[in-house]
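Accompanying notes for the structure given below.
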Ligand code: CTP
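What follows is the structure, given as structure tokens:
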């Protein structure tokens, strides 16, 4: 959920500032781009060097760079952020936020922000329970800011009570589930095919192809990460899904893949056929290993069912159907033909003429061609990022359906 999100982590002067280091690491691991902004007193608790090393960005503290006569524009940073999280937030900074004071860069960014703001207070229990603090929390909530409540336990003072900044792991799951709930993919069911199919010739041989399954698996991860439940029907590959919302069904042949797709079709909101399905299979599978002979060998092949085309004949108005086209020539017109004859909502075209695109690569260069004639051409990028582009297009179509 946090993949590609631009996050400002505001760190204020509490002993819990040491936890900001772990928080930065976890956010970066989730794929977020993290800009740390510290209040001056926060630098007494943790060094900017630690946080800039972990976030791979210089930490911002001062509004002005007096040595160069330039300034860190609070407005630019506020508009840059997809979300701001204050962790830890002291009683003092919270009081300033609830009163609209902006006497440092972090608070000025807060005032100028349009994105969601989360705050994780950290303070002693009596400070936390004080009516002034409670009033400030309510004020921030009235502003639409989202409280990540402090936990109960032993505080730095030695007292026991509520006031500990929540653990970084919990803060990350808090953020993740917030965005999951907001995602249009939440609760949706996606059916995805991936990988090659193997069509048996005899007990030891098959007709196959070089598909690695990477594109289909990346799509499954992206959809699951954004709240969808995924049935991933894959031919033989050496990949395993990570997200628990992905139900992997492994198959070998085109006909097994078709059977599994038919079982899942009715409940699917989104159907993406990313598998490289064999177009032909041997008419007869030899029961014994075919022996070598000196004469040439003929194997009679018959067409397999085009699974994508079959889904196209059965799909309802509400189901979004996406296909792939891997072409070597007349790319656009061939893909548009498939888009129309297979009744797709859009087709993802990749050309084998583009270096770094297609089977086996970590990267892909695709164009998305839509039924309404829209075309979007993307640069060469990692398949995980291509998956995000494809899922964004699906979300756009879902929003248009509402
Ligand atoms: N596809 C499928 N079942 C098949 C063949 C293809 O579901 N038996 C799907 C693929 O998963 C892909 C799309 O159809 O989403 C296009 O596959 P491709 O092989 O490029 O196209 P074909 O329609 O098979 O046409 P051709 O091979 O002649 O280009």
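Residue numbers (our numbering): 58 to 459.
Cβ coordinates follow ideal geometry from the N, Cα and C atoms, glycine included.
Here the structure is a predicted model, which is why all the values come from computation and not from measurement.
- Using a threshold of 7 Å, is the CB atom of residue 311 nearer than that to any non-hydrogen atom of ligand 1? yes
- Item | Complete runs of the alpha helix (DSSP H) confined to the stretch 81-149 [at least 4 residues] | 105-112 and 131-137
- Message: Which of the three DSSP states is assigned to residue 330 in this structure?
- Response: In the displayed model, residue 330 falls within a strand according to three-state DSSP.
- The alpha helix (DSSP H) with residue 196 in it runs from where to where? 188-199
- Do the stretch 257-271 and the stretch 343-351 meet, that is, are 3 or more Cβ pairs less than 8 Å apart? Contact holds: three or more Cβ-Cβ distances are below 8 Å.
- Any chance you could list the beta strand (DSSP E) runs of at least 3 consecutive residues sitting entirely within the stretch 417-459, in chain order? Listed in chain order, the beta strand (DSSP E) elements of length 3 or more contained wholly in the stretch 417-459 are 423-427 and 432-434.
- Task: Return helix, strand or coil for residue 286, following the three-state DSSP convention.
- Result: Residue 286 falls in the strand class under three-state DSSP.
- Message: Quick check: the Cα distance between residue 289 and residue 363, rounded to an integer number of angstroms?
- Response: 18 Å
- Query: Taking 7 Å as the cut-off, is the CB of residue 321 close to at least one heavy atom of ligand 1?
  - Reply: no
- Message: Which residue marks the beginning of the beta strand (DSSP E) containing residue 307, and which one marks its end?
- Response: 303-307
- Task: Taking 8 Å as the cut-off, decide whether the C-beta atoms of residue 343 and residue 272 are in contact.
- Result: no
- With a cut-off of 8 Å, does the C-beta of residue 392 fall near any C-beta of chain D? Here chain D cannot be found, since the structure has a single protein chain.
- Task: Would you check if the stretch 230-250 and the stretch 210-217 touch, i.e. whether three or more CB-CB distances between them fall below 8 Å?
- Result: Flag = no, the stretch 210-217 and the stretch 230-250 do not touch.
- Item | Three or more C-beta pairs below 8 Å linking the stretch 123-134 and the stretch 100-112 | no
- Looking only at C-alpha atoms, which of 174, 143, 233 and 420 sits nearest to residue 87? 233
- Query: For residue 62, is the beta carbon positioned less than 7 Å from some heavy atom of ligand 1?
  - Reply: no
- Item | CA-to-CA distance, residue 133 to residue 402, given in whole angstroms | 38 Å
- Item | Assigned exposure category for residue 434 - 16 Cβ within 10 Å defines buried | exposed
- Which term fits residue 458, buried or exposed, when burial requires 16 or more other beta carbons within 10 angstroms of its beta carbon? It is exposed - the Cβ of residue 458 has fewer than 16 other Cβ atoms within 10 Å.
- Where the alpha helix (DSSP H) through residue 382 begins and ends: Not the alpha helix (DSSP H): residue 382 falls in the beta strand (DSSP E), residues 377-384.
- Of all the beta strand (DSSP E) runs that stay within the bounds of the stretch 385-413, which reach a length of 3 or more residues? 403-408
- Buried or exposed (CB count within 10 angstroms, at least 16 for buried), residue 186: exposed
- Give every residue of the same chain whose Cβ lies closer than 6 Å to the Cβ of residue 163, excluding the five residues on either side of it in the sequence, and list them in chain order. 67, 94 and 96
- Query: Who pairs with residue 262 in a beta bridge, going by DSSP?
  - Reply: 259
- Please check the pair residue 353 and residue 283, which I expect to be a contact at CB under 8 Å, by giving their CB distance rounded to whole angstroms. Not quite, the Cβ-Cβ distance comes to about 52 Å (not below 8 Å), so this is no contact.
- Query: In three-state DSSP terms, what is residue 236?
  - Reply: helix
- Query: So, is residue 153 buried or exposed, given that buried needs 16 or more other C-beta atoms within 10 angstroms?
  - Reply: buried
- Spatial neighbours of residue 460 in its chain, beta-carbon cut-off 6 Å, leaving aside the 5 residues before and after: With the chain running from 58 to 459 in the structure shown, residue 460 is simply not present.
- Query: Any chance the CB of residue 259 is under 7 Å from a heavy atom of ligand 1?
  - Reply: Not under cutoff, so the answer is no.
- Let me know the secondary structure DSSP gives residue 369 once reduced to three states. helix
- Item | Cα-Cα separation, residue 274 to residue 452 | 18 Å
- Task: Would you check whether ligand 1 has a heavy atom nearer than 7 Å to the C-beta of residue 362?
- Result: Checking every heavy atom of ligand 1 against the Cβ of residue 362, one is found closer than 7 Å.
- Under the criterion of a Cβ to heavy atom distance below 7 Å, does residue 110 qualify as lining ligand 1? no
- Can you find at least 3 beta carbon pairs, one from the stretch 194-203 and one from the stretch 106-123, that sit closer than 8 Å? Contact between the stretch 194-203 and the stretch 106-123 is absent, because fewer than three Cβ pairs lie under 8 Å.
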